[in-house]
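Note that the working numbering gives residue 230 to position 154 of the sequence shown, counting from 1, and the numbers run on in steps of one.
Quick reminder that beta carbons are idealized off the backbone N, C-alpha and C, glycines included.
Following: one structure in structure tokens, then a few remarks.
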Amino acid sequence: MSSDRTKDEFAERLRRIEAKRRAATPGYKPPRLPDFSNLPEDKLIRSAPRRGIGAGGVMLGLMSFMACVGVAAAYVLRDDLPFEVASLTDISREASLVAKAGVQALGGPVSLVAQKEKQPEAPLKYSDDGRILRSPLVATAWYGDVAIDEVVNGFQPNTSDTFPASVTTYEPAGSCVPRPLGTGESLANIRIDRGGPVVGVQSFSNAALADRLLRNVEAEIVPGKAYDKGGRLSPEMRVVDVFLTDLSAPQYVVLQNLSGAILWNLQPAPGVEIAHVLMISPGGSAVSTGSDTLSVQALRTGDFVSKADFESIRVNYRGDPPENDCFISPWRKPQEHWLGWQKAQKQNMLFVNRIHTFTHGHARFDEWFTRSFGQSAADGVVAADEAAHVLVGPVPEATFAYVPLQERPIWMLNQDHIVIGNAAARAEEIESIHWERLTAALGGDASRLNPAPKRAGQ
């Protein structure tokens, strides 16, 4: 328990320091979180040396196990957690989705014989953090039995070679106060963590590029090891088709994700009016409506949520009121069908703590959301861990035409580098950007990256 109090005290100190800095320095901005939409991949993997465990290791392992048992006893997850969840009986209706899509769910006996062909993935799966719905399934707020051919006709799957007709860039909002919900407008509330297939749009900052190049150079600390030419930024943008069918009022569309980059491909049914679009993301997302004009606003989470704020929700489980009025990180509310929830019920402490983090993160975000729109972030939300298609509104009486992405303009936040095109063209351009920046940093001589191997005695 003392270690947990230390964590709480540390979080309190972080918040007090943050508050003093804001009060003492007019215009002070706390250090922002990194742009999780384009964090570079680290391809360098080193194996740890293997050593015997020994008697001391066995004793240490036993002591660690007993400590975990003690912590588990102190933090047993109760059945009366302080929020509502979707029950497993509500979710059970989704079983028909798999049959409707014509794909068998995984779960048969495991074969030790290597499979030559990759088996098709189930269109509906569950992860530690919620549902995973792949095409042709469509995510809904009511966990309904909906396939894409019930909503649109002429659907064309997007691929890594699919890219939009044009791009318009704009700057992120300087305030965490969104455009208010207008009189008579309806809120289309969408919260997805990961989108569907990768599409032909990539963007990244100079800061992320410099970090990637530095990692590549640092990998040469072993004498004679060549520069990692394959170490490239590979930020992927994934598409989510958003079908809007509510004809009762103009739609104020709120698009939210906590990590990664999503291209929100809005497909309004005939007669649906899009009044405004608000994106809340790490900074790499984009939106398309099929129109040349769009009222759009983007809140970049790292501009308003500091590292101290992020840390505090991980260690502070006492229910203290949030101190950051701009806590715009869209944490999802934990649900009973999450595998992580079920593991937490079995007192797996890793997931007990994870569910607590999601719970308190959502509570802090919900206060900002409710203050901004007059309703909870959980009201009518279409949420999933991963989805390729989303339906907001009723299933239409008649399907409407799907508009391919390559015929549409998109709006996205300005970045230092925006690369658009098919997969081969993007790879070539990204390669050029890396080598141009690296060669300049080396004074124009890239051969300096590959010194001759040192011999013994030199």
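- With contacts defined as CB atoms closer than 8 Å, tryptophan 487 and tyrosine 328 fail to qualify as a contacting pair.
- Between isoleucine 431 and alanine 420 the beta-carbon gap is near 5 Å, inside 8 Å, which marks them as a contact.
- Relative to the Cα of cysteine 402, the nearest Cα in the group Gly307, Leu375, Ile224 and Val293 belongs to Leu375.
- The region 234-245 makes contact with the region 483-498, as at least three CB pairs between them are under 8 Å.
- Judged by DSSP secondary structure, isoleucine 404 falls outside any alpha helix (DSSP H); it is assigned neither H nor E.
- Selection Val372, Val227 and Lys201 evaluated against valine 471 yields Val227 as nearest (Cα-Cα).
- Judged by their CB atoms, arginine 513 and leucine 289 are nearer to each other than the 8 Å cut-off.
- With a contact defined as Cβ atoms closer than 8 Å, alanine 249 and valine 330 miss out at about 13 Å.
- With a 10 Å radius around the Cβ and a threshold of 16 neighbouring Cβ atoms, proline 346 comes out exposed.
- Sequence-distant Cβ neighbours of asparagine 229 in its own chain, meaning closer than 8 Å and more than five residues away, are Thr475, Phe476, Ala477 and Tyr478.
- Between the region 192-210 and the region 456-464, the count of C-beta pairs closer than 8 Å reaches three or more; the two stretches touch.
- The region 211-263 is shown to contain whole beta strand (DSSP E) runs of 3 or more residues at 242-246, in chain order.
- Secondary structure at glutamine 482: helix, using DSSP grouped into helix, strand and coil.
- Sequence-distant Cβ neighbours of serine 405 in its own chain, meaning closer than 7 Å and more than five residues away, are Leu334, Thr377, Val381, Gly437 and Phe441.
- Rounded to whole angstroms, the gap between the alpha carbons of tryptophan 444 and proline 254 is 10 Å.
- In this structure methionine 313 touches alanine 337 by the C-beta definition: roughly 4 Å separates them, less than 8 Å.
- Under the three-state reduction of DSSP output, leucine 334 falls in the coil class, being neither helix nor strand.
- The region 320-385 is shown to contain whole beta strand (DSSP E) runs of 3 or more residues at 327-332, 337-344, 350-357, 362-364 and 372-376, in chain order.
- Around the Cβ of glycine 469, a 10 Å sphere holds 16 or more other Cβ atoms; the residue is buried.
- Put simply, the region 495-510 does not touch the region 255-262. Fewer than three CB pairs are less than 8 Å apart.
- DSSP places alanine 286 in the uninterrupted alpha helix (DSSP H) bounded by 282-294.
- For secondary structure counted as the alpha helix (DSSP H) over 4 or more consecutive residues, the region 498-528 holds these complete runs in sequence order: 499-517.
- For lysine 419, the enclosing alpha helix (DSSP H) has its first and last residue at 415-421.
- Our two residues, leucine 209 and aspartate 368, have alpha carbons roughly 30 Å apart in a direct line.
- Between leucine 467 and threonine 365, the C-beta gap is not smaller than 8 Å, which leaves the two residues out of contact.
- By the neighbour-count definition (other C-beta atoms within 10 Å, threshold 16), serine 357 is a buried residue.
- By DSSP's assignment, leucine 209 forms a beta bridge with Leu200 and Ala463.
- The beta carbons of tyrosine 303 and leucine 481 sit no closer together than 8 Å.
- Sorting Ser523, Asp521, His510 and Thr515 by C-alpha distance to the C-alpha of glycine 307 places His510 at the top.
- Per DSSP, valine 471 lies in no beta strand (DSSP E) and is assigned neither H nor E.
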